[in-house]
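Engineer:
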Amino acid sequence: MPASIMFEVLEQLPPDPILGLSQQFQVDPNPDKINLSVGVYQDSAGHTPIFKAVKQAEQQLIEQQRSKAYIAQAGDADFNRNISRLLLGDALVNDLGAQLGAVMTPGGCGALRMGGELLAQVSGEKQVWVSDPTWANHFPLLQSAGLKLTKYPYYDFQTGAVNFDKMLAGLRAAQSGDVVLLHGCCHNPTGADLSEDNWDELIELLVERQLVPFIDVAYQGFGHGLDVDAYGVRQAVKACPEVLIALSCSKNFGLYRERTGALLVITQAAQQTAAAVSHVLAAARRNYSMPPYHGAGIVGHLLNDAQLTSDWQAELSAVRERMNLLRKALSDGLNQAQDKIDFSFVAGSNGMFCYLGIPREMVLQLRAEFGIYLLESTRINVAGLSETNLPVVVERVAELLKRSA
Ligand code: LMR
Numbered sequence: 002m003p004a005s006i007m008f009e010v011l012e013q014l015p016p017d018p019i020l021g022l023s024q025q026f027q028v029d030p031n032p033d034k035i036n037l038s039v040g041v042y043q044d045s046a047g048h049t050p051i052f053k054a055v056k057q058a059e060q061q062l063i064e065q066q067r068s069k070a071y072i073a074q075a076g077d078a079d080f081n082r083n084i085s086r087l088l089l090g091d092a093l094v095n096d097l098g099a100q101l102g103a104v105m106t107p108g109g110c111g112a113l114r115m116g117g118e119l120l121a122q123v124s125g126e127k128q129v130w131v132s133d134p135t136w137a138n139h140f141p142l143l144q145s146a147g148l149k150l151t152k153y154p155y156y157d158f159q160t161g162a163v164n165f166d167k168m169l170a171g172l173r174a175a176q177s178g179d180v181v182l183l184h185g186c187c188h189n190p191t192g193a194d195l196s197e198d199n200w201d202e203l204i205e206l207l208v209e210r211q212l213v214p215f216i217d218v219a220y221q222g223f224g225h226g227l228d229v230d231a232y233g234v235r236q237a238v239k240a241c242p243e244v245l246i247a248l249s250c251s252k253n254f255g256l257y258r259e260r261t262g263a264l265l266v267i268t269q270a271a272q273q274t275a276a277a278v279s280h281v282l283a284a285a286r287r288n289y290s291m292p293p294y295h296g297a298g299i300v301g302h303l304l305n306d307a308q309l310t311s312d313w314q315a316e317l318s319a320v321r322e323r324m325n326l327l328r329k330a331l332s333d334g335l336n337q338a339q340d341k342i343d344f345s346f347v348a349g350s351n352g353m354f355c356y357l358g359i360p361r362e363m364v365l366q367l368r369a370e371f372g373i374y375l376l377e378s379t380r381i382n383v384a385g386l387s388e389t390n391l392p393v394v395v396e397r398v399a400e401l402l403k404r405s406a
């Protein structure tokens, strides 16, 4: 065999903390294994279904499509317009006019990365403040764009809720021109969200200190509803002169593998937005040229059609209500089965995730002894629970807690 030229110097990297665990789950021979790791919705049969309205929109799109030629660099115009309206509401989008720019991206990750590249183009050292804790992939996505990340206090491990006073106090150390990464709703990994009053107060601070919000919206409709979940984003856009938004359609349209998302850029002037968008397009061109079309085509088409939109909304509501029932059943079940930890906070979390707050070694025990997979941070995917596996999870967690004396 010829000698290696360059790749022998590479060392194997550890697996991704979220996707790697899911791979590990796939090859676990335990017939009773339960996957509560990666954020993917599962129905009561353990399947991740395609929303019926999404499937219908896809069929119509395929039927109508006459060409696979390139589309505009910024993406599908229907998608960009409709997704902006879904998030911000018609009135705000109309008010903003050309101050709002939208660029279609490969999923929410693509949007975060393109937002990071845009920020890196702006002169001066850009400090991005991220919640402690935050989604694991925020770090590699933004740091590799050349940004410096600092954590601000967010989650209170004692109460299982946001420690808002500490958050504000932490953010008071930010300098004018710093960026604050926020989770629009359904905080990943904790499920602990800001209240509307919290958002109002936070936005006052952002305006006063000239901090730029970069809002990650990956779960619109998974918390309390499409409009309620957009409260913080809409208020921020109304009040702050400059806002970046990373949007994902993976969860609320169930389009995970299609990599569908958008970066929204809001500035004080149409000309500034156009300039910012030109930098995003250049960043996209040098990274991947342009994003995949299929998922965005489906969403753009679906949201153009009133009937499909209302069908999709009804399905999304059913998904949300089911997750809420599971969350409540988990909280009640755990409280009934043991008395070491009060799990009431679980019922107050939003969206797909929450922390269990059990000792970390129990996470490893759950995996090794029972094939129950959650992240080492104790984050569980509530949407991976089902009427069948929930009692098992409750029993196993309670058993380990009781054993720990
Ligand atoms: C998650 O947090 O599990 C999801 O957002 C999937 C991912 O890409 O990490």
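The opening residue of the sequence shown carries number 2 in the working numbering; numbering runs sequentially from there. Cβ atoms here follow ideal geometry from the backbone N, Cα and C, with glycine treated the same way. Source: prediction; values computed, not measured.
What residues are listed by DSSP as bridge partners for Phe158?
Structural biologist: Answer is none; Phe158 lacks a bridge partner.
Engineer: Using only the heavy atoms of the ligand LMR, determine whether one of them is closer than 7 Å to the beta carbon of Val234.
Structural biologist: No, since every heavy atom of the ligand LMR falls outside the 7 Å radius drawn around the Cβ of Val234.
Engineer: Among Ile359, Met2, Asn351 and Cys355, which residue has its Cα nearest to the Cα of Asp340?
Structural biologist: Of the candidates Ile359, Met2, Asn351 and Cys355, the one whose C-alpha sits nearest the C-alpha of Asp340 is Ile359.
Engineer: Which whole-angstrom value describes the C-beta separation of Val55 and Gly255, a residue pair presumed to lie in contact below a C-beta threshold of 8 Å?
Structural biologist: Right, their Cβ atoms sit about 6 Å apart.
Engineer: Please name the residue in Val28, Gly21 and Asp33 whose C-alpha comes closest to that of Pro392.
Structural biologist: For Pro392, the nearest C-alpha among the options comes from Asp33.
Engineer: Could you please give me the residues that DSSP links to Met105 through a beta bridge?
Structural biologist: Answer is Ala263.
Engineer: Counting C-beta neighbours from all protein chains within 10 Å, is the total for Ser5 16 or more, i.e. buried, or is it exposed?
Structural biologist: By the 10 Å Cβ count, Ser5 comes out exposed.
Engineer: Any heavy atom of the ligand LMR within a distance shorter than 7 Å of the CB on Ile19?
Structural biologist: Yes - the ligand LMR has a heavy atom lying nearer than 7 Å to the Cβ of Ile19.
Engineer: Taking only runs of the beta strand (DSSP E) that begin and end inside the segment 284-339, which ones reach a length of at least 3 residues, in chain order?
Structural biologist: Fully enclosed beta strand (DSSP E) runs of 3 or longer: not present.
Engineer: DSSP on Phe52, reduced to helix/strand/coil?
Structural biologist: Correct three-state label for Phe52: coil.
Engineer: On the DSSP letters alone, give me the boundaries of the alpha helix (DSSP H) that Asp91 sits inside.
Structural biologist: First-last of the alpha helix (DSSP H) with Asp91: Asp91 to Leu97.
Engineer: My guess is that Gln221 and Asp230 are in contact by the Cβ rule of under 8 Å, so how many angstroms apart are they, rounded?
Structural biologist: So it is a contact: roughly 5 Å between Cβ atoms.
Engineer: Where in the segment 168-205 do unbroken runs of the alpha helix (DSSP H), each at least 4 residues long, occur, reported from the N-terminal end onward?
Structural biologist: None, since the segment 168-205 contains no complete alpha helix (DSSP H) of that length.
Engineer: Given a threshold of 16 other Cβ atoms within 10 Å of its Cβ, counted over all protein chains shown, does Glu1 qualify as buried or as exposed?
Structural biologist: The chain is shown only over 2 to 406; residue 1 falls outside these bounds and no answer can be derived.
Engineer: If we count the other Cβ atoms within 10 Å of its Cβ and call it buried at 16 or more, is Phe215 buried or exposed?
Structural biologist: The residue in question, Phe215, is buried, as its Cβ has 16 or more Cβ neighbours within 10 Å.
Engineer: Excluding five sequence neighbours on each side, which residues of the same chain lie with their C-beta closer than 6 Å to the C-beta of Glu59?
Structural biologist: So the qualifying residues of the chain are Ile299.
Engineer: So, do the segment 303-317 and the segment 267-285 have three or more beta carbon pairs nearer to each other than 8 Å?
Structural biologist: Not touching, per the Cβ criterion.
Engineer: Spatial neighbours of Asp179 within its chain, please: C-beta separation below 7 Å, excluding the five flanking residues on both sides.
Structural biologist: The residues are Gln128, Trp130 and Leu212.
Engineer: Counting pairs of beta carbons, one from the segment 318-336 and one from the segment 350-367, are three or more of them closer than 8 Å?
Structural biologist: Enough Cβ pairs lie closer than 8 Å, so yes.
Engineer: Taking Cβ positions, are Gly117 and Ala146 nearer each other than 8 Å?
Structural biologist: Closer than 8 Å, so yes.
Engineer: For Phe346 versus Leu335, is the C-beta distance shorter than 8 Å?
Structural biologist: Not in contact: Phe346 and Leu335 (Cβ atoms no closer than 8 Å).
Engineer: Can you tell me the Cα-Cα spacing of Asn81 and Gly98, whole angstroms?
Structural biologist: Cα-Cα distance, rounded: 13 Å.
Engineer: Answer with buried or exposed for Thr1, where buried requires no fewer than 16 other C-beta atoms within 10 angstroms of its C-beta.
Structural biologist: Lying outside 2 to 406, the shown extent of the chain, residue 1 is not represented and no answer is given.
Engineer: Starting from Asn390, trace the alpha helix (DSSP H) in both directions and tell me its first and last residue.
Structural biologist: Looking at the DSSP string, the run of the alpha helix (DSSP H) that includes Asn390 is Asn390 to Arg404.
Engineer: Just checking, does the segment 378-391 make contact with the segment 311-319 on the three C-beta pairs under 8 Å criterion?
Structural biologist: No: fewer than three Cβ pairs fall under 8 Å.
Engineer: Give a single yes or no on whether Gly255 has its beta carbon closer than 7 Å to a heavy atom of the ligand LMR.
Structural biologist: Every heavy atom of the ligand LMR is 7 Å or more from the Cβ of Gly255, so no.
Engineer: Return helix, strand or coil for Asp217, following the three-state DSSP convention.
Structural biologist: Three-state result, Asp217: strand.
Engineer: Measure the CB-CB distance between Leu203 and Leu169 and report whether it falls below 8 Å.
Structural biologist: Taking 8 Å as the Cβ cut-off, Leu203 and Leu169 qualify as a contacting pair.
Engineer: Which residues does DSSP pair with Tyr356 in a beta bridge?
Structural biologist: In DSSP, Tyr356 forms a bridge with Arg380.
Engineer: Roughly how many whole angstroms lie between the Cα atoms of Lys403 and Ile342?
Structural biologist: If you take the alpha carbons of Lys403 and Ile342, they lie about 10 Å apart.
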